[in-house]
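S.K.: Dropping a structure here in structure tokens format, bear with me for questions.
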Amino acid sequence: MATLEDVAKKAGCSVATASRALGAHGSVSDGVKSRVRKAAAELGYRQGAQVHGRGSRRPLIGVLIPSITNPVFAASLSQIQNRMHLGGHSVVLAQSNYDPAQEPDAIEALLAERPTGLILTLCHAAQGLPRAGRLPPTVLLNNLPTSIFPAAVTVDNREAGRLLTRHLIDRGHRRILFVSGNFAASDRALLRYEGYLSALGEAGGEPLPALQIPFIGSYEQLDISGAIVDHKPTAIIASNDLLAFGVIGALRRHGLCVPQDVSVAGFDGIAMGQLMTPPLTTIEMPDASMGAVAASLLLDIAERGAIPRHLQVGFTLKPGGTVRSV
């Protein structure tokens with residue numbers, strides 16, 4: 001098994017410099033860091049083989065997601081674990097419960113495990129982290145890159161929102177209500193809403209005030225009756241499929257049928273939406289493949305010294321029976 005001394009010798013630097021280049025603390029130039037990580041990858045060196053007297057262990061990466069109960073994040077996590085297993089890494093998980101205030105503590109808990117790197121889905125990446133210090137190599141998943149986090153794997157959520165709204169407009173809908181979790185808890189939802197605004201603006205339509213509700217909690221008793229009475233929408237866009245299911249249930253309790261009275265559409269393309277009757281109109285996101293791409297990108301950066309970059313993957317509009325023409 002390769003040692004840190006072997007890595008330092010191959011990279012042409014001191015052991016201390018090699019340790020700083022592979023760790024989350026200390027400062028070395030980008031050139032030296034790249035050379036050391038390349039040497040470590042070629043030698044098969046695994047950082048963190050000894051941890052506080054507990055004996056040997058596999059290196060690991062930390063993953064932060066908003067909620068393990070959402071199938072979207074579960075699909076991504078499954079592929080992250082598969083890819084990391086092939087790369088010889090374990091995975092440790094934390095969740096923020098869609099609460100930006102919980103994110104710093106969750107990341108601190110992940111850092112306590114001394115991970116090779118992090119994959120983070122943040123509530124609102126542009127706002128940064130209040131206590132963000134020097135982090136190991138980090139990849140954002142579902143968040144646009146920032147100056148702090150230049151590596152990211154995303155879809156174009158703004159364009160997805162524009163395309164789905166355009167789909168409804170082309171079927172005669174003008175009074176379209178956007179229902180979402182709190183925008184402060186999901187920059188993905190905010191970008192989808194911005195796409196909704198863009199499509200309505202292009203069509204000369206007037207947007208309705210967005211209805212924001214908490215992401216965490218049961219949608220079984222979701223009450224949107226006030227918005228239905230006040231705005232009389234012919235169609236509703238939910239910021240994700242789980243919320244779309246809740247909207248459909250709320251419409252039924254209000255005595256309305258989907259799509260005869262109100263059309264409904266969502267985002268994510270989770271399997272449950274295609275099994276319901278009628279199938280949900282949705283934007284299908286490549287959540288599983290995004291997880292695999294994020295894991296591969298992190299390994300490239302952490303172990304091979306690759307430059308952090310933004311990778312964008314495609315999405316697909318899946319028309320279903322929950323939207324009708326008017």
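Taking the UniProt record's numbering, the leading residue of the sequence shown gets 1, the next gets one more, and so forth.
In this text, a Cβ means the ideal position worked out from N, Cα and C, and glycines have one as well.
Counting only runs of 4+ residues fully inside the region 128-188, write out the alpha helix (DSSP H) ranges in chain order.
M.R.: 157-169
S.K.: Report all residues from its chain with a CB closer than 6 angstroms to the CB of Asn182; omit the five preceding and five following residues, and keep chain order.
M.R.: Gln212
S.K.: Considering just the uninterrupted stretch of the beta strand (DSSP E) at Glu284, what are its terminal residues?
M.R.: Thr281 to Glu284
S.K.: Is it right to say Ser239 is buried, meaning 16 or more other beta carbons lie within 10 angstroms of its own, or is it exposed?
M.R.: buried
S.K.: Quick one: what's got a C-beta closer than 6 angstroms to Gly128's C-beta in the same chain, skipping five residues either side?
M.R.: Ile148
S.K.: Starting from the Cα of Leu299, find the closest Cα among Gln102, Ser19, Thr146 and Ala151 and give me that residue.
M.R.: Measuring from the Cα of Leu299, the nearest candidate turns out to be Ala151.
S.K.: With the cut-off set at 8 angstroms, would you say Ser78 and Gly291 are in Cβ contact?
M.R.: yes
S.K.: Beta-carbon within less than 7 angstroms of Ile270's beta-carbon, same chain only, minus the 5 sequence neighbours each way: which residues are those?
M.R.: Pro71, Val72 and Asp241
S.K.: Write down the C-beta distance between Thr121 and Pro66 rounded to the nearest angstrom, noting that I regard them as a contact closer than 8 angstroms.
M.R.: 6 angstroms
S.K.: Cutting at 6 angstroms between CB atoms, please list the residues of its own chain near Gly48, excluding the five before and the five after it.
M.R.: Low local confidence applies: a pLDDT of 49 at Gly48 is under 50, so the model's placement there is unreliable, and no value is given.
S.K.: Near Asn157, what residues of its chain come up, given a Cβ to Cβ distance below 6 angstroms and the 5 sequence neighbours on each side ignored?
M.R.: Arg188, Leu191 and Arg192
S.K.: Give me the DSSP bridge partner(s) of His310.
M.R.: Ala152
S.K.: Using CA atoms only, rank isn't needed, just tell me which of Gly62, Ala294 and Ala203 is closest to Pro286.
M.R.: Ala294
S.K.: Could you say which of Gly88, Leu222 and Ile236 lies nearest to Leu168 if we only look at CA atoms?
M.R.: Ile236
S.K.: Given Arg324, which residues of its chain have a CB within under 8 angstroms of its CB, disregarding the five upstream and five downstream residues?
M.R.: Cβ contact annotation for Arg324 (same chain, cutoff 8 angstroms, sequence separation greater than five): Arg171, Pro259, Gln260 and Ser263, in chain order.
S.K.: Do the CB positions of Leu280 and Gly249 come within less than 8 angstroms of each other?
M.R.: no
S.K.: Does the distance from the CB of Ala160 to the CB of Phe267 come in under 8 angstroms?
M.R.: yes
S.K.: Kindly indicate which residue of Val63, Ala8, Ala16 and Gly62 has the alpha-carbon position closest to the one of Val36.
M.R.: Ala8
S.K.: For Leu200 and Val91, I'd like the C-alpha separation in whole angstroms.
M.R.: 43 angstroms
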